[in-house]
Each structure stands twice: as structure tokens, then as C-alpha cells.
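Colleague: Pasting a structure here, questions to come.
Here is the structure:
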């Protein structure tokens, strides 16, 4: 008569795996292929439409999520302008030319800067901060 086999040992708790699972919801880092070629991509975009390039100058590359390039804009105005017309298509074509591949692009609002309490929320300065990505550099 042989003794029963020992019960299986419980799987070890893997902190690294848990951390990866938590991070998975956020955007992946920007591939070096995009970040290293970003200036060249913007330069090609400028040749087609300087306004599209100006919009790209006002955004940040936030990363990739599910194969989609995420661009962060400080204000709704620039974000919505980028989403209009052929702007995204121009960007995708420039990426195709420079890197040999294109990918979907999604525009999002980055963490907007807060408007100081003593400013009129509907005033010109608040609009520049909120919608155009401006920032206060000096208060007199």
C-alpha cells in the first residue's frame, strides 16, 4: 500500500505579474521607432498641411494602447481640430512613409491645468489655459 501523493503546492504569489496586470490598463510606452522618428514624421506632415503639424506640436505622445497611438492634448480646441478633416489621415500617411507602417491614432485630453480661483472662468485667460493649452508664467 503506497501513501497518497502530497497535495500540490499552491502557486507562488508573483508580485511582478500582479504589477504587470495592474499596468496593463494604462497605455504602453511609446515604441522607440515612433519617438525617434517623431520629428521626421512631423516634418512630412508639415509638407502636406502646416496646420496639422502645428496641432501635433501642441500634443504629447502618451503611448500605445491596443496598437493605437495615443496623443494627449491640453485643450478640447486642439484635440477636436486634430480629429477634424484629414489631419489624422495625414499623420497616418506620414507614419507609413517614415516607418513603413501606420497605426490607428486616438486623441485624448491630457490632465488639464487647473484655472486659478481668482480668474473669471469664462474670461480670455481661462479660455487660453483650458482650451488652448496655455500656461501662466508670471503674475504681477
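Numbering (my numbering), first residue to last: -16 to 123.
By construction, the Cβ of each residue, glycine as well, lies at the ideal position given by its N, Cα and C atoms.
1) Looking only at DSSP bridge pairs, what is residue 43 linked to?
2) If distances are taken between C-alpha atoms only, which option among 82, 50, 88, 93 comes closest to residue 22?
3) By DSSP's criteria, residue 81 is part of a beta bridge. Which residues make up the other side?
4) From -13, 60, 91, pick the residue whose C-alpha is nearest to that of residue 44; which is it?
5) List the DSSP bridge partners of residue 48.
6) Ignore the nearest five residues each way along the sequence and tell me which others in residue 89's own chain have a CB closer than 6 Å to its CB.
7) Can you name the start and end residues of the alpha helix (DSSP H) that residue 20 belongs to?
8) What residue from 17, 42, -15 has the CA that sits closest to residue 63's CA?
Modeller: The structure says:
1) As a working mapping, residue 43 is identified with position 60 in the chain shown. For residue 43, which the question treats as bridged, DSSP gives the partners 55.
2) What you label residue 22 is simply residue 39 of the chain shown in a count that begins at 1. Among 82, 50, 88, 93, the Cα nearest to that of residue 22 is on 82.
3) Numbered from its first residue, the chain shown carries residue 81 at position 98. In the DSSP output, where bridge partners are listed per residue, residue 81 has none listed.
4) The count along the chain shown starts at 1 and reaches residue 44 at position 61. Of the candidates -13, 60, 91, the one whose C-alpha sits nearest the C-alpha of residue 44 is 91.
5) Residue numbering aside, residue 48 sits at position 65 when the chain shown is read from its first letter. BP columns for residue 48 point to 51.
6) Numbered from 1 along the chain shown, position 106 holds the residue referred to as residue 89. Here the set comprises 51, 53.
7) Translated into positions along the chain shown, residue 20 becomes position 37. From DSSP, the alpha helix (DSSP H) with residue 20 extends over 15 to 31.
8) Taking the chain shown and counting its residues from 1, one reaches residue 63 at position 80. The shortest Cα separation from residue 63 among 17, 42, -15 belongs to 42.
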